[in-house]
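Step one of this worksheet: look at the structure below.
Chains as they are written, first to last, in our numbering: chain R, 378 to 488; chain D, 424 to 535.
See the structure below:
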């Protein structure tokens with residue numbers, strides 16, 4: 378089954394404690410990206426990756442890092458999380474017809 | 424700049440009512456347009472899309488027509504069901520920017 382998986386689904390952490398949210402897709406897609414979803418703001422793109430070792434900033438990259446060492450994986454790293462990064466995060470991969478496939482989401486709370 | 428504007432929700436309808444969710448966009452280029460649906464506790468799923476002017480995307484009884492002259496992509500359904508209750512997102516993709524832009528989402532509540 379074609380899918381995008383994210384882990385963990387829920388995470389509560391404290392300010393400044395480094396964390397990583399993993400994302401994996403099994404569709405051999407080249408393009409992957411991360412979004413955050415906040416009430417009234419819709420989805421905003423954090424980072425995207427065109428292929429292995431090729432990443433670029435989206436609209437709200439501050440406070441986040443990404444890496445793309447393998448085609449299937451695209452982890453999101455928060456080196457020093459802050460409360461304003463409390464949000465719902467989605468990973469997505471994109472196929473040939475520009476259709477994005479989304480993961481189930483990771484709800485992050487930073488206290 | 425590039426942006427998508429959707430009507431604010433929530434939209435509350437009775438079962439079998441007609442649905443319209445408005446979406447307009449601004450784009451520096453020729454975008455592809457999408458509607459995504461998000462059911463409670465889940466990620467977004469592609470509902471329909473259109474890649475050029477006057478194209479009509481359709482799926483599960485939903486339709487939207489790419490109107491370049493009015494820069495719009497309104498979502499319609501002739502008879503909604505309780506199971507259509509969800510949040511609907513309009514989005515555009517610009518190939519040269521390789522980015523997606525999403526609207527803020529419109530929550531639909533359908534009552535039996």
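Built from N, CA and C at the ideal position, the CB exists for glycine as well. Since the model is a prediction, treat every value here as computed from it, not as a measurement.
- The beta-carbon of residue 496 of chain D is placed no less than 8 Å from the nearest beta-carbon of chain R.
- Taking the CA atoms as reference points, residue 509 of chain D sits about 25 Å from residue 409 of chain R.
- Residue 480 of chain D: member of the beta strand (DSSP E) spanning 479-482, first to last residue.
- Using a C-beta cut-off of 8 Å, the segment 441-453 of chain R makes contact with the segment 381-401 of chain R, since at least three inter-stretch Cβ pairs fall below that distance.
- Residue 521 of chain D belongs to the set of residues whose beta carbon lies under 8 Å from a beta carbon in chain R.
- Taking 8 Å as the upper bound for CB-CB distance, residue 470 of chain D and residue 507 of chain D are not in contact here, some 10 Å apart.
- Counting only the Cα atoms, residue 519 of chain D lies some 38 Å from residue 435 of chain D.
- Shown here for residue 387 of chain R: same chain residues with a beta carbon closer than 6 Å to its own, the five before and five after excluded, namely 484 in chain order.
- Residue 441 of chain R places its beta carbon 8 Å or farther from that of residue 425 of chain R.
- Here DSSP, grouped into helix, strand and coil, assigns residue 461 of chain R to helix.
- Residue pairing by DSSP places residue 444 of chain D opposite D/498 in a beta bridge.
- Residue pairing from DSSP places residue 516 of chain D in a beta bridge opposite D/455 and D/523.
- The beta-bridge partner set that DSSP reports for residue 503 of chain D is empty.
- For residue 427 of chain R, the chain D residues whose Cβ falls inside 8 Å of its Cβ are 521, in order along the chain.
- Inclusion of residue 515 of chain D and residue 427 of chain D in the CB contact set at 8 Å is warranted, their separation being smaller than that value.
- Three or more Cβ pairs drawn from the segment 482-490 of chain D and the segment 449-458 of chain D lie within less than 8 Å of each other, which places the two stretches in contact.
- The beta carbon of residue 481 of chain D lies closer than 7 Å to those of 471 in the same chain, with the five residues before and after it left out.
- The Cβ-Cβ distance between residue 435 of chain R and residue 522 of chain D falls below 8 Å.
- Ranked by how close their Cα comes to the Cα of residue 504 of chain D, the residues D/433, D/517, D/442 and D/448 have D/442 in first place.
- In this chain, the beta strand (DSSP E) harbouring residue 470 of chain D covers 467-473.
- DSSP, read as helix, strand or coil, puts residue 418 of chain R in coil.
- Against chain R, the beta carbon of residue 471 of chain D has no neighbour under 8 Å; the closest one sits roughly 10 Å away.
- Residue 381 of chain R places its beta carbon less than 8 Å from that of residue 480 of chain R.
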